[in-house]
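Shown next, in structure tokens, is the structure this report addresses.
Protein chains in written order, with my numbering: chain A, 129 to 385; chain B, 3 to 639.
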């Protein structure tokens, strides 16, 4: 099949970017989208032109490294699919394809299709964990966890941290990402001691990092390659309300608890 | 170079306890004076960095990906073994130890493996406390499955994403320490050399992958948790960024490289579909628990699988190994698949696979049960191949997956360079000549959570280290060497891409040192590798400036190191005139076609010492003693 790509090229964070047109003739429908970029890059190198930079690693949809906006949709046209798992059979012969980086204030561009996602790590650092020092753990089966709770935790924990939810959101909010972690840990008995502290700290950090607020568009869920549900955002809001309206005893806020 | 394994003596079941008691401690108040550099953020690196930081050490952690959460441990699907005996099927520390030594075809150290089996139970406790959402039964207790040929159900799992969930547990523990300021995190940073001062590892030289800046980091000890080298084959199941540069550069500085020819070929991957394929995708071998492997009895039979009647199918593993059937260990399952394809029974458009069929289990258990067990794997398969495995059998073929070889370490996980510790897949220690399924996650976390944090304290307490900072001349010298190496690559004026060289190297190595090896093939392979290596600097073109994000340059340095490693793999495979585990020398097999070990001559670890560019590596042998497990020919009949 023949495809025409328009790829966003930008030499650096402050350089001017533009779409550059690339023709891909006679490519196999069994190729992955990233393999198509590999092929274009190989030809660029042969012509001594700088290759297109893009993040990628595992190429089996689990590391969360890859991600680009393809024809206006993060990770492209196929639902529940990372860019690396998108194959050219999802396109038609002769298609024109527009490829852009994630665009969000909190995820600044580094080069071409590569953006800086360290803000997502800082959200986890703010509270997306259970404090369990190595060596201090009780026997694993000492505390049974209802299967439904464990399954719900796993549904939320499936997030791969790619940032597609942020890229899809008109407000560039990280609400789906934060809610997935809040729900993962908050569904388990082990996560209860820090549950309300966690949600307050993570939401505060989200605001500080320059992510927007959630206005319930639902674009995040549609773009998420792991089908993380916006039900978890409702869970986050419930936990946040409880944490802020019903602060802990002794008059302290959860924020400083 | 002297190999001192520091193995404990006496009864094996109390050896680690006694050893741990004999290790010197660092006073809690003094730990903040020590600075440990941890390279890599996978299960080993993240768990070690978090644990050391919790103990009070100052830690710097480096990773090549944009976030520590993306290390390749995240891709492990199937599960993690632990001797919990929750299923009451007779499991024990001793049985896990025995199975692992036997599965490794008696080429691992007994004491290391026993310790691994002991800490396996602690790992599960630790992960559950961190909130790892392991699969559970309706009563709320942890679920287990049998995995990869084990006759007990000792594998813990989180759907098909066990590695992801274990890594996120370790990553979150690490994130907490970063937030507390105990760990300084350096993402998108690649280690390009280790720096020795007075013969001890005192730091590393790194390249910032965004700015291209070369800089040094000094510390009191260095931990390499940089994973394996299966990407030397170009096509493997490893992530694209996985590479051997950190371990290879350490090897060139004096760290012995052990058993480089022990590379595991995983039996259940999706077959190669085209020339442009960039990697091979693993399908968890848990699929073999229910799926049945077969090929058409008649060679060249190209009917659709559903059109081939039962009587004309060869369920060859069930036929050859009635008691283990489709759950044969990885090495055997892989070789049998290769033989089927080589003899013309391969299936698929390129006749390069065998069928893994779920028709019968779907009939027996219902589609819902199969979907619950393997749904995400089936979805992944369909996305990649465009075929629906609920309707037509999957096609699978073996692919390079894991490397048992790695930097030689003693019982304290320290290499032959004092202060340089190596954990996880990067070391050679626990899996012998073949790793059992669900044991890699166990080793990574065992090393990082429960072994290294104690043994590194002993090193720090006894090494009497003088203060060193990155201004020391040794750092300046190493930085200069690193920069010169990069500049040579950037100046290369050829026309071929780095990837095209890597692809060609991979093909040579796959033929010479893949699933089956011969003396003639290895000798020929070495000559071809040397020829390719000589052409590389003349014919490659890297392009772009070095002072910015330049993925072509990153790859160029890694491929340069692969040439040297690939040759050492062949050298190692050639000297080991026996077959054991994943190392199959065609000349050495039993009448039944099984691996024929030679314990009298080869019951040793082959540790290679770097002797300089162009010089032959020197072999040192660490004899292996088996006091607790009887050496036996593996038999799965």
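Heads up, the beta-carbon is just placed ideally off N, CA and C, and yes, glycines get one too. If you're wondering where the values come from, they're calculated on a predicted model, not measured in any experiment.
Assumed close pair residue i, residue j - CB separation to whole angstroms, cut-off 8 Å
{"i": "residue 636 of chain B", "j": "residue 586 of chain B", "result": "Rounded, the Cβ-Cβ distance is 12 Å, inconsistent with contact."}
{"i": "residue 620 of chain B", "j": "residue 247 of chain B", "result": "Wrong, their Cβ atoms sit about 22 Å apart, outside the cutoff."}
{"i": "residue 249 of chain B", "j": "residue 428 of chain B", "result": "5 Å"}
{"i": "residue 462 of chain B", "j": "residue 223 of chain B", "result": "6 Å"}
{"i": "residue 2 of chain B", "j": "residue 396 of chain B", "result": "As displayed, chain B neither begins before 3 nor continues past 639, which places residue 2 of chain B out of reach and without an answer."}
Residue i (DSSP reduced to helix, strand or coil)
{"i": "residue 268 of chain B", "result": "strand"}
{"i": "residue 301 of chain A", "result": "coil"}
{"i": "residue 187 of chain B", "result": "strand"}
{"i": "residue 160 of chain A", "result": "strand"}
{"i": "residue 114 of chain B", "result": "helix"}
{"i": "residue 582 of chain B", "result": "strand"}
{"i": "residue 3 of chain B", "result": "coil"}
{"i": "residue 298 of chain B", "result": "strand"}
{"i": "residue 273 of chain A", "result": "coil"}
{"i": "residue 247 of chain A", "result": "helix"}
{"i": "residue 132 of chain A", "result": "strand"}
{"i": "residue 431 of chain B", "result": "coil"}
{"i": "residue 349 of chain B", "result": "strand"}
{"i": "residue 216 of chain B", "result": "strand"}
{"i": "residue 625 of chain B", "result": "strand"}
{"i": "residue 598 of chain B", "result": "coil"}
{"i": "residue 239 of chain A", "result": "strand"}
{"i": "residue 157 of chain B", "result": "strand"}
{"i": "residue 384 of chain A", "result": "Because the pLDDT of residue 384 of chain A is 48, which lies under 50, any placement of that residue in the model is unreliable, and the number read from its coordinates should be weighed accordingly. Residue 384 of chain A falls in the coil class under three-state DSSP."}
{"i": "residue 98 of chain B", "result": "helix"}
{"i": "residue 591 of chain B", "result": "strand"}
Within chain C, the residues that residue i reaches when beta carbons sit closer than 8 Å
{"i": "residue 56 of chain B", "result": "Considering every chain present, this structure includes no chain C. Its protein chains are A and B."}
Cβ-based neighbour list, residue i, same chain, cut-off 7 Å, excluding 5 preceding and 5 following
{"i": "residue 343 of chain A", "result": "299"}
{"i": "residue 170 of chain B", "result": "71"}
{"i": "residue 244 of chain A", "result": "235, 236, 238"}
{"i": "residue 126 of chain B", "result": "84, 86, 158"}
Exposure of residue i, with buried meaning 16 or more beta-carbon neighbours within 10 Å
{"i": "residue 110 of chain B", "result": "buried"}
{"i": "residue 366 of chain A", "result": "exposed"}
{"i": "residue 355 of chain A", "result": "exposed"}
{"i": "residue 133 of chain A", "result": "buried"}
{"i": "residue 661 of chain B", "result": "The first residue shown for chain B is 3 and the last is 639, placing residue 661 of chain B beyond what the model contains."}
{"i": "residue 12 of chain B", "result": "exposed"}
{"i": "residue 286 of chain B", "result": "buried"}
{"i": "residue 144 of chain A", "result": "exposed"}
{"i": "residue 299 of chain B", "result": "exposed"}
{"i": "residue 324 of chain B", "result": "exposed"}
{"i": "residue 235 of chain B", "result": "buried"}
{"i": "residue 262 of chain A", "result": "buried"}
{"i": "residue 1 of chain B", "result": "In this structure chain B extends from 3 to 639, so residue 1 of chain B is not present and cannot be described."}
{"i": "residue 15 of chain B", "result": "exposed"}
Whether residue i touches residue j by CB criterion (8 Å)
{"i": "residue 204 of chain A", "j": "residue 216 of chain A", "result": "no"}
{"i": "residue 633 of chain B", "j": "residue 601 of chain B", "result": "yes"}
{"i": "residue 583 of chain B", "j": "residue 434 of chain B", "result": "yes"}
{"i": "residue 179 of chain B", "j": "residue 56 of chain B", "result": "yes"}
{"i": "residue 626 of chain B", "j": "residue 608 of chain B", "result": "no"}
{"i": "residue 195 of chain B", "j": "residue 483 of chain B", "result": "yes"}
{"i": "residue 360 of chain B", "j": "residue 292 of chain B", "result": "yes"}
{"i": "residue 555 of chain B", "j": "residue 542 of chain B", "result": "no"}
{"i": "residue 331 of chain A", "j": "residue 369 of chain A", "result": "no"}
{"i": "residue 506 of chain B", "j": "residue 534 of chain B", "result": "yes"}
{"i": "residue 108 of chain B", "j": "residue 628 of chain B", "result": "yes"}
{"i": "residue 418 of chain B", "j": "residue 203 of chain B", "result": "no"}
{"i": "residue 53 of chain B", "j": "residue 404 of chain B", "result": "no"}
{"i": "residue 503 of chain B", "j": "residue 538 of chain B", "result": "yes"}
{"i": "residue 569 of chain B", "j": "residue 510 of chain B", "result": "no"}
Residues of its chain near residue i, where Cβ-Cβ distance is below 6 Å and the 5 sequence neighbours each way are ignored
{"i": "residue 147 of chain B", "result": "155, 157"}
{"i": "residue 380 of chain B", "result": "391"}
{"i": "residue 73 of chain B", "result": "43, 44"}
{"i": "residue 167 of chain A", "result": "none"}
{"i": "residue 340 of chain B", "result": "517"}
8 Å Cβ shell around residue i - same chain, five flanking residues per side excluded
{"i": "residue 283 of chain B", "result": "239, 271, 272, 382, 386"}
{"i": "residue 134 of chain B", "result": "160, 167, 168, 170, 171"}
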